[in-house]
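Residue numbers (UniProt numbering): 1 to 161. Scroll down for the structure; my scribbles are underneath it.
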């Protein structure tokens, strides 16, 4: 099972639970799982992280295309499927337009194209004002988990000593 991580996974990890200064094991685990072909993200997420100008943007830049995957030929048809799904729902026009311009759209399309599991902190919402990643995943038959579910499924262990 391959996981694709949303930008909020990295941002919240850095700011809250897995800061670089006190939980480097989390970041090492991500690198090791990426090397094993289990964990990745997408280029558009890396672009979002680059704007931070901080330790996280440096970490992301150091990972390169092996971690932050560029779109390939399979992603382009999936973008069409995701777009068709979004426009076929009852979302406000502004919500659809925004979704189609951000990394979330590309993340869902990558997951659809490569049969990956999306990992995000977002939760489904009934709002018509914003398309949430889990709603798109549900609508398109893509598995979607929280980072804690991923860590438990993969039996990640961050043990001292």
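A virtual CB, placed ideally from N, CA and C, is assigned to each residue, including glycine.
Assumed close pair residue i, residue j - CB separation to whole angstroms, cut-off 8 angstroms
{"i": "residue 75", "j": "residue 6", "result": "Rounded, the Cβ-Cβ distance is 16 angstroms, inconsistent with contact."}
{"i": "residue 38", "j": "residue 121", "result": "Their Cβ separation, rounded to whole angstroms, is 19 angstroms, which puts residue 38 and residue 121 out of contact at 8 angstroms."}
{"i": "residue 4", "j": "residue 111", "result": "5 angstroms"}
{"i": "residue 57", "j": "residue 69", "result": "Contact doesn't hold; Cβ gap of about 18 angstroms is too wide."}
{"i": "residue 128", "j": "residue 95", "result": "7 angstroms"}
{"i": "residue 78", "j": "residue 113", "result": "4 angstroms"}
Residue i in three-state terms, based on DSSP
{"i": "residue 151", "result": "helix"}
{"i": "residue 160", "result": "coil"}
{"i": "residue 83", "result": "helix"}
{"i": "residue 68", "result": "strand"}
{"i": "residue 142", "result": "coil"}
{"i": "residue 3", "result": "strand"}
{"i": "residue 102", "result": "coil"}
{"i": "residue 75", "result": "helix"}
{"i": "residue 119", "result": "strand"}
Spatially closest choice to residue i from the options, by CA coordinates
{"i": "residue 103", "options": "3, 42 and 22", "result": "42"}
{"i": "residue 33", "options": "51, 1, 19 and 18", "result": "1"}
{"i": "residue 140", "options": "29, 25, 14 and 83", "result": "83"}
{"i": "residue 158", "options": "23, 19 and 17", "result": "23"}
{"i": "residue 59", "options": "20, 149 and 107", "result": "20"}
{"i": "residue 137", "options": "149, 18, 109 and 147", "result": "109"}
{"i": "residue 64", "options": "81, 15, 9 and 46", "result": "46"}
{"i": "residue 9", "options": "78, 145 and 97", "result": "145"}
{"i": "residue 52", "options": "133, 97, 15 and 116", "result": "15"}
{"i": "residue 17", "options": "154, 148 and 161", "result": "148"}
{"i": "residue 36", "options": "154, 124 and 89", "result": "154"}
{"i": "residue 44", "options": "107, 123 and 150", "result": "107"}
Chain-order list of residues whose beta-carbon lies under 7 angstroms from that of residue i (same chain, five-residue window excluded)
{"i": "residue 99", "result": "86, 105 and 131"}
{"i": "residue 66", "result": "34"}
Own chain partners of residue i with C-beta closer than 6 angstroms, once the 5 adjacent residues on each side are dropped
{"i": "residue 126", "result": "none"}
{"i": "residue 27", "result": "none"}
{"i": "residue 91", "result": "128 and 131"}
{"i": "residue 29", "result": "156"}
Segments of 4+ residues assigned as alpha helix (DSSP H) that fall wholly inside the stretch 31 to 62
As far as the stretch 31 to 62 is concerned, its whole alpha helix (DSSP H) runs of at least 4 residues are 43 to 50.
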